[in-house]
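These notes concern the structure reproduced below.
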Amino acid sequence: MSTSLDSGPLPQAPATALRQRLAELRGPSAAPHPLDARALAALAANPGCKRRALLDGAGVDKAALARALGSPATFGQSQFAFMRGNAFEARVKADGGTELLRLLGVADPHGAVVPDLTAAGPEGRAARTALALREATGAGAWTLLDHPMLALEVAGSPAYLEPDAVVVHPDGRWTVVEIKSFPMVDGSADASKVGAAARQAAVYVLALERVAALTKDASVDHSVLLVCPKDFSNLPTASAVDVRKQLSVTRRQLARLTRVEEIASALPDGVCFDVESCSSGELASAVESVPSTYAPECLSACELAFHCRERARTAGAVESLGRAVRGELGGLTGVAEVLSAARGEWGDPADPTVAALRRAARLRAEALGAGALGTQAPGTAAREDAVAGRGTA
Amino acid sequence: MSLISTLARLEAVESGRAQPLATVRHRHLSPRPLVFVPLTTAGEAGAPLGALVGTDRESPRLLAVAQPRDRELRFAFLAELAETLLPYLDGYADDVEPAERNETDPETGKRVKVEVELCADAPQLIVPSRPGVDFVRLLGRSMRFRRTAEQDPDSPYPAPPRVPLLGRWLTHYGERARVPGSSLLLAMTDLLGRHWATGQSHLEDKHLGALLAWIAPPEGASGAEAALRAEVERDRGGQLVCPPAGPATDPAFDNKLLAPAMELYDRARQALAAAEDGAAADEQLARLTSAEREIRALLRGVLRPTWDAVWDGIDLVRELPEGPHVADRWTRDRWSFTGHRDRVRAGEPPQPRRDDAVSAAQKLAARETAQAQLEAQEALDDPLVLAGRRLAGEAFVGVVTDVVMAWSESKRPSPRPLLTVRTDDGPHLGVGVKAYRSLDGKPQCAEFVRYEEDGAIVLRLLDRMGRSRDPAEGSVPEAGESVAWTLFEHEQRGGPKLPEPEDTPWTHGGPPRTDAAESADAVTPEDLL
Amino acid sequence: MTGTVIPLFDPASEAARATAAILEDTLHGDARGVVVDSPPGAGKSTLVVRAALELASAGRPLMVVAQTNAQVDDLVLRLAEKEPELPVGRLHSNDADPYDKALDGLPNVRKSAKAGELDGLDVVISTAAKWAHVKGVDPWRHAIVDEAYQMRSDALLAVAGLFERALFVGDPGQLDPFSVVGAEQWAGLSYDPSASAVSTLLAHNPELPQHRLPVSWRLPASAAPLVSGAFYPYTPFRSGTGAGDRRLAFGVPSDGSGPDRVLDEAAESGWGLLELPARHTPRTDPEAVRAVALVVRRLLDRGGASVSERSPDPVPLTADRLAVGTAHRDQAAAVRAALAELGVAGVTVDTANRLQGREFDVTVVLHPLSGRPDATAFHLETGRLCVLASRHRQACVVVCRAGVSELLDEHPSTEPVQLGVTVKFPDGWEANHAVLSHLEEHRVVWAP
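Heads up: the sequence lines are chains A, B and C, in that order.
When we follow UniProt numbering, the leftmost residue of the first sequence carries the number 1, and every step to the right adds one.
When we follow UniProt numbering, the leftmost residue of the second sequence carries the number 1, and every step to the right adds one.
When we follow UniProt numbering, the leftmost residue of the third sequence carries the number 1, and every step to the right adds one.
As structure tokens, this is what we get:
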């Protein structure tokens, strides 16, 4: 249903106009903040947020924006984790990637080809990668592409993506390899980390499919190979991860990014997110002019989250307590509104939300006033219940 | 989230302070818990960095690893941890009371009562947060298959003597923590979150500092302000004033403070190894000692706020009166502790890497029973929990307005009185639905008969009225009495007995292999990356 | 989504061929298990009864495992209807009213709470929960496990020692079994106790013959392609009836109201979407609940009659041929109250969980996502929507507030991934979207 990304490049003229508009929003001097696979995968965390879609689509550096707004993001990476990640990847790929290919089930990993992919600039590297993929597919031999470069059009501009590795099978199948330094202990791993890795890998699969469509006899594996340290050692182990679901999610999210144009056109004139030339007040009102849908999950997925949380709290929005909170509140969205409805100061008692709130408030007040329940004598139940195990003591 | 707890969160937003979610304490709190605040090395699997541990708030024991990538130093840490934790655990092993347990006689196959020991109390571990519980589990897993020199003289990297044993205990505690309502191993954030609703989301409640800030904000500050400070406030050096409760550290701490200190330590160690004479060695040794002291000071600095926060949490929770059924659940924890003590003493091997089909099914069944029991007991112990069940239509409180005597139609008629109950609650009643009330601590059962035209509920009382034709004194509520009824049962029946593992059926892969004993994890000479 | 007509497809002979192959494997094959996937209304119960009778007549005593007491009683009644002479045992619990009183009228059905008292009968039937307590008996040579996809792996573990070989029958598209406590630590294990019995069985015995009933006799030609495409993307099935075989007509013409227009649309096309104005509401959205009740009321008032392959004459659409499906119990209760207010009695109103396995002429469904401010995994679960969209023989009317497609669009997709767990298809999002986009072709916009 959301296959627009597979159906060839977008028409040229509107893309240029959009690119122009987004560049204005970003500010004349600011280079677009490159979107990597992680950032693209993170779009799925809150697809309803127009603010994030626009800022990402325009390539605004959200971390810098958040700093300028006075609510800096708290993301950072420990150099220990960074070093270990690099060391592990180097170990996995050492010796012409023999270990890696062995994990894929290659009988004679020493015979594999590892083409040189160096070229000038991302565009050059992407072209070099496409050529290497074509050659490898035609060659009918195992080929390991170490840090290939892939291009994917996002909101009218190319995003360059760099998977850890892509392996070309002799039958023309391409498999994305994702190397992570979290462990697989006894065959299982942290499910949220695997999920994030799968979403990231799906972006690569999507980008590869664009190349494969233009390559004879090529196909892209919808399972990726996730390589992690085994148990508590530095030895690699691997697991195939089916990313078909993540792939369709990514397709959907990228298709949505084309709506950036709509969002941009709805903005008042003169809105700009340039941290160099705008005051923090100007930036704040620029950010405010794009609607957001803050949820606490944003705190671990978006640089602007502390700012949006502050705004949501100031506005008294119930979402600041979590997405699930709204489930039973129907059309009520404000903290004060809900509380006054619960207290009977406001609202239509025939509205089931209001009625339920009043009942909840009454029951809660009654329980807090009651202290302990008079009709129960549960202490004896505890004794009785434990008889099976307690014996005569 | 139920509407009642949503309301509590909204009230917390408005008042700037956390609001109660319980009127009693629903978890056991040992008079002498052991608090364990561990830190791990970023990016490494189960490579501890340091910990504060102990039973005395005023004198925590600091354990530190100056260079986590050094296997020897990690082993030293684990050995020290074992020397701290095992005596605490052992301290509860020998104070026992006699008890009986049902067992199946292997010869006759009959259920018989066996005299056994039950530890009179059990050791309780408290960690700051849920990732701390996971870390206990991970530490347990990383240690229990290690081989000591005594177990395996050929082991290239023998573990210190008591480390595998500690691994088994931590594994047991980690596994027990998955049983609903158990209290052998608790996360302080869970403990606080069970009893208070803050004005922020569940996700934000995972931050121990922010959670405590809502429950007990400093004088003059609102919970929201205090929580924000706990989350983001940094000192002039860019370090968080309230460091993360671990086991993960703040990247800024790693990069700005810890990494340089470790580099100094590494250099001093190299220089010491290269020292050519006694004087130089002494000098380098002094440098090494000072570098190590520096790392220890850094770790103590980021651990101490969390340590204090956990004890503040303990104080807060201790103020709540204990729920009446908590002791019952703690007894089960004591059985769990005693059972593992017995397995260790009997020389059984460490817990396997993965459960076999029968053990997995047994654990799942036991946890589902524990969950149902916990929900029922909390509602019986706490009117605020009961209020949530009433709102959900799973319980109701009503006044008995009429009692009509009736009897069963058997040869020896038993009393089956009809009660008319008037309530403002909206229970999900229907044909055949049963309701239970607590009578002298035991559940008394009634069945729904009909609604009267004015909406009153007619129930037929079914049991606990004695053996005579007339109900025993006090066993039938009187008109005018207010009674709490639940639509859920108060006690849980255990599930069916599953086959023995050696009888695992073909649908589940047949009996598990017994020839392949769990071997130690693979090790490489270079274990650092 | 509309199916292309393959002229050579003869549903009856396709179904017969599938059934013959299943019986051949069951009676004469040497595999210990046979698995049969049965989409909604594909004749699962008929197959179970037939297999039981053939095994019994071949002199092979058999145990039957079903999941609920209602299913057990239903099977006993069906068996007795087909073969009144067959000695059948109904093993039941010790609770009060443990079985359907209708069983007391069957002379050859013996009821007992003790398996020993049913020894020697040709067929003994009970729930998985009760079978699990049966110990110390000689294993049966044969078993039939019904609703095997709704059975949990640990429940199969408890009973599998009672039989040597078994026929497993079920619908993979309905609601999966679940656990009230976390079971993540076993995810990816072949015998994960919280997984379905079939997934464990096939993980350990991948060589077992697997069959599929290819024809839905319940779903009309208007519904089978949508349900098959949206919920069974890799195992398609077809309707047993053709486009003109079923018809729904009303004696009373439309009054032009929303409910009447959506009924006309549903009578015409098999589907109707009554779309109310977008609004965030509580679960028991009074307007939507009342709209559901009004549709039912008008359905009865307008003298609906259905024509089907079962009878050449139109059959009046009475209350017992109708059902209302909801996601939550409180919604069902609200609909019941609204129906009572409109003076409607006798219409089944229940949640998806309780409608599993049931069949009606017309269903009215309150869309699980209607009016919701947020979509949760519960509301997106494919099995829930599949059950609600596949109970009808004639037509299905869905009542929903506008805005669900936006809600789906805004739903975050950041699920954790467990290593080694087979990804289940279809994805809830995709399935919901497929159903919604089909329904939009049959939309009647109405502001009550």
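For glycine and all other residues, C-beta sits at the position ideal for the given N, C-alpha and C.
Check: Using a beta-carbon distance below 9 Å, is residue 402 of chain A in contact with chain C?
Finding: With chain A running from 1 to 393 in the structure shown, residue 402 of chain A is simply not present.
Note to self: Distance cutoff 9 Å, beta carbons only. Does C:R290 sit that close to anything in chain A?
What the structure shows: Counting from 1 along the third sequence, the entry for residue 290 of chain C is found at position 290. Taking a beta-carbon distance threshold of 9 Å, C:R290 does not count as an interface residue toward chain A.
Notebook entry, point to check: When you compare each of B:Q492, B:G466, B:E453, B:T423 to B:E481 by their alpha carbons, which one comes out closest?
Noted result: Sequence index remark: in the second sequence, residue 481 of chain B carries index 481 (1-based). Taking only the C-alpha atoms, the option nearest B:E481 is B:T423.
Next item on the list: Inspect the beta-carbon positions of B:L81 and B:L303 and report whether they are closer than 9 Å.
Entry: In the second sequence, the residue the question calls residue 81 of chain B occupies position 81. In the second sequence, the residue the question calls residue 303 of chain B occupies position 303. Against a cut-off of 9 Å, the Cβ pair of B:L303 and B:L81 comes out as no contact.
Notebook entry, point to check: According to a CB-to-CB cut-off of less than 9 Å, which residues of the segment 402-420 of chain C neighbour chain A?
Noted result: Result list: E406, L407, D409, E410, H411, P412, S413, T414, E415, P416, V417, Q418, L419, G420.
Next item on the list: Just tell me which of B:R234, B:A261, B:Y265 has its CA closest to the CA of B:D250.
Entry: Within the second sequence, the letter at position 250 stands for residue 250 of chain B. Comparing Cα-Cα distances from B:D250 to each of B:R234, B:A261, B:Y265, the minimum goes to B:R234.
Next item on the list: Tell me whether B:N102 is buried or exposed, calling it buried when 16 or more other Cβ atoms sit within 10 Å of its Cβ.
Entry: Start at 1 with the first residue of the second sequence, and residue 102 of chain B comes out as number 102. It counts as exposed.
Check: In whole angstroms, what is the alpha-carbon distance linking C:G161 and B:T504?
Finding: Counting from one through the third sequence, the residue named residue 161 of chain C turns up at place 161. Counting from one through the second sequence, the residue named residue 504 of chain B turns up at place 504. Distance between the alpha carbons of C:G161 and B:T504 is about 8 Å.
Note to self: In the DSSP assignment, the alpha helix (DSSP H) including C:C386 goes from what residue to what residue?
What the structure shows: Counted from its first residue, the third sequence places residue 386 of chain C at position 386. Going by DSSP, C:C386 is part of the alpha helix (DSSP H) stretching over 382-388.
Checklist line | Alpha carbon of B:R464 to alpha carbon of B:S475, nearest angstrom | finding: Here residue 464 of chain B is taken as the residue at index 464 of the second sequence, counted from 1. Here residue 475 of chain B is taken as the residue at index 475 of the second sequence, counted from 1. C-alpha separation (whole angstroms): 7 Å.
Notebook entry, point to check: Listed from N- to C-terminal order along the chain, which residues in the segment 327-349 of chain A have their beta-carbon within a distance smaller than 9 Å of any beta-carbon of chain B?
Noted result: Listed by position, the residues of the segment 327-349 of chain A near chain B (Cβ gap below 9 Å) are G327, E328, L329, V335, A336, V338, L339, A342.
Check: Run through DSSP, which three-state label would A:V249 get?
Finding: Taking the first sequence and counting its residues from 1, one reaches residue 249 of chain A at position 249. A:V249 sits in a helix when the DSSP states are folded into three classes.
Note to self: I'd like the list of long-range same chain contacts for C:R152, defined as Cβ closer than 8 Å, with 5 residues on each side in sequence excluded.
What the structure shows: In the third sequence, the residue the question calls residue 152 of chain C occupies position 152. Correct list, in chain order: P177, S179, P193, S194, A195, S196, A197.
Checklist line | Per DSSP, the bridge partner or partners of C:I125 | finding: The count along the third sequence starts at 1 and reaches residue 125 of chain C at position 125. Answer is C:V64, C:R90.
Next item on the list: For the segment 104-115 of chain A, enumerate the residues whose C-beta is nearer than 9 Å to any C-beta of chain F, in chain order.
Entry: Here chain F cannot be found, since the structure's protein chains are A, B and C.
Check: Within the 9 Å Cβ cut-off, does A:Q246 reach chain C?
Finding: In the first sequence, counting from the first residue as 1, residue 246 of chain A sits at position 246. With 9 Å as the cut-off, A:Q246 counts as an interface residue toward chain C.
Margin query: Considering only their Cβ atoms, is the gap separating B:V35 from B:R57 smaller than 9 Å?
Written below: For this step, residue 57 of chain B is matched to residue 57 along the second sequence. For this step, residue 35 of chain B is matched to residue 35 along the second sequence. In this structure, B:V35 lies closer than 9 Å to B:R57 by Cβ.
Checklist line | DSSP state of residue 449 of chain C mapped onto helix, strand, coil | finding: Limits of chain C in this structure are 1 at one end and 448 at the other, which puts residue 449 of chain C out of reach.
Notebook entry, point to check: Among B:D254, B:P383, B:V399, which residue has its Cα nearest to the Cα of B:Q239?
Noted result: Here the question's residue 239 of chain B lines up with position 239 in the second sequence. It is B:D254 whose Cα lies nearest to the Cα of B:Q239.
Notebook entry, point to check: Looking at C-alpha atoms only, which residue of A:A126, A:S265, A:G57, A:L247 is the closest neighbour of A:M149?
Noted result: Walking along the first sequence from the start, residue 149 of chain A turns up at place 149. Of the listed residues, the one whose Cα sits closest to A:M149 is A:A126.
Checklist line | Exposure of B:M405, with buried meaning 16 or more beta-carbon neighbours within 10 Å | finding: Here residue 405 of chain B refers to the residue found at position 405 of the second sequence. In this structure B:M405 is exposed. Its beta-carbon is surrounded by fewer than 16 other beta-carbon atoms within 10 angstroms.
Check: Can you check whether the CB of C:L219 is closer than 9 Å to the CB of C:A368?
Finding: Position 368 of the third sequence, counted from the first residue, corresponds to residue 368 of chain C. Position 219 of the third sequence, counted from the first residue, corresponds to residue 219 of chain C. Before going further, note that residue 368 of chain C is Pro rather than Ala in the sequence given. Not closer than 9 Å, so no.
Check: So, are the CB atoms of C:D361 and C:A395 less than 9 Å apart?
Finding: Translated into the one-based positions of the third sequence, residue 361 of chain C becomes position 361. Translated into the one-based positions of the third sequence, residue 395 of chain C becomes position 395. Yes, the pair counts as a contact, with Cβ atoms nearer than the cut-off.
Margin query: For chain A, check one thing: does any of its Cβ atoms lie closer than 9 Å to the Cβ of B:E14?
Written below: Counting from 1 along the second sequence, the entry for residue 14 of chain B is found at position 14. Yes, B:E14 lies at the interface with chain A (some Cβ there is under 9 Å from its Cβ).
Note to self: According to DSSP, simplified to helix, strand and coil, what is B:A216?
What the structure shows: Residue numbering aside, residue 216 of chain B sits at position 216 when the second sequence is read from its first letter. It is coil, neither helix nor strand.
Checklist line | Spatially closest choice to C:A115 from C:R297, C:L77, C:W131, C:D122, by CA coordinates | finding: As a position in the third sequence, residue 115 of chain C is number 115, starting the count at 1. Per the Cα distances, C:W131.
Checklist line | Proximity below 9 Å, CB of C:E410 to CB of A:T293 | finding: Counted from its first residue, the third sequence places residue 410 of chain C at position 410. Counted from its first residue, the first sequence places residue 293 of chain A at position 293. For C:E410 and A:T293, yes; Cβs fall inside 9 Å.
Checklist line | Environment of A:M1 [buried if 16+ CB atoms lie within 10 Å] | finding: Looking up residue 1 of chain A in the first sequence gives position 1. Note on A:M1: pLDDT 39, under 50, position unreliable in the model; no value is reported.
Next item on the list: Put B:A520 into one of helix, strand or coil per three-state DSSP.
Entry: Working through the second sequence from its first residue, we reach residue 520 of chain B at position 520. Here B:A520 sits in coil by DSSP.
Notebook entry, point to check: So, are the CB atoms of C:F163 and C:W186 less than 9 Å apart?
Noted result: Reading the third sequence from its first residue, position 163 is the one you call residue 163 of chain C. Reading the third sequence from its first residue, position 186 is the one you call residue 186 of chain C. No.
Next item on the list: Please confirm if B:T504 has its CB atom under 9 Å from at least one CB of chain C.
Entry: Translated into the one-based positions of the second sequence, residue 504 of chain B becomes position 504. Taking 9 Å as the CB threshold, B:T504 lines the interface with chain C.
Margin query: List, in chain order, every chain C residue whose beta-carbon is nearer than 7 Å to that of A:V249.
Written below: What you label residue 249 of chain A is simply residue 249 of the first sequence in a count that begins at 1. Identification of chain C residues near A:V249 by a Cβ-Cβ cut-off of 7 Å yields S413, ordered along the chain.
Next item on the list: Using a Cβ cut-off of 9 Å, pull out every chain B residue sitting near C:H133, in sequence order please.
Entry: Here residue 133 of chain C corresponds to residue number 133 of the third sequence, with the count starting at 1. By Cβ distance, chain B contributes P496, K497.
Check: Given A:A372, which residues of its chain have a CB within under 6 Å of its CB, disregarding the five upstream and five downstream residues?
Finding: Locating residue 372 of chain A in the first sequence gives position 372, where the first residue counts as 1. Interpretation of A:A372 is limited by its pLDDT of 38, a score under 50 that renders its predicted location unreliable; the figure taken from the coordinates is listed afterwards. Hits under 6 Å: none found.
Next item on the list: Determine, using beta carbons only, whether C:S390 comes closer than 9 Å to chain B.
Entry: As a position in the third sequence, residue 390 of chain C is number 390, starting the count at 1. Closer than 9 Å: no.
Check: Looking at the unbroken beta strand (DSSP E) that takes in A:T237, where does it start and where does it end?
Finding: Working through the first sequence from its first residue, we reach residue 237 of chain A at position 237. Looking at the DSSP string, the run of the beta strand (DSSP E) that includes A:T237 is 236-242.
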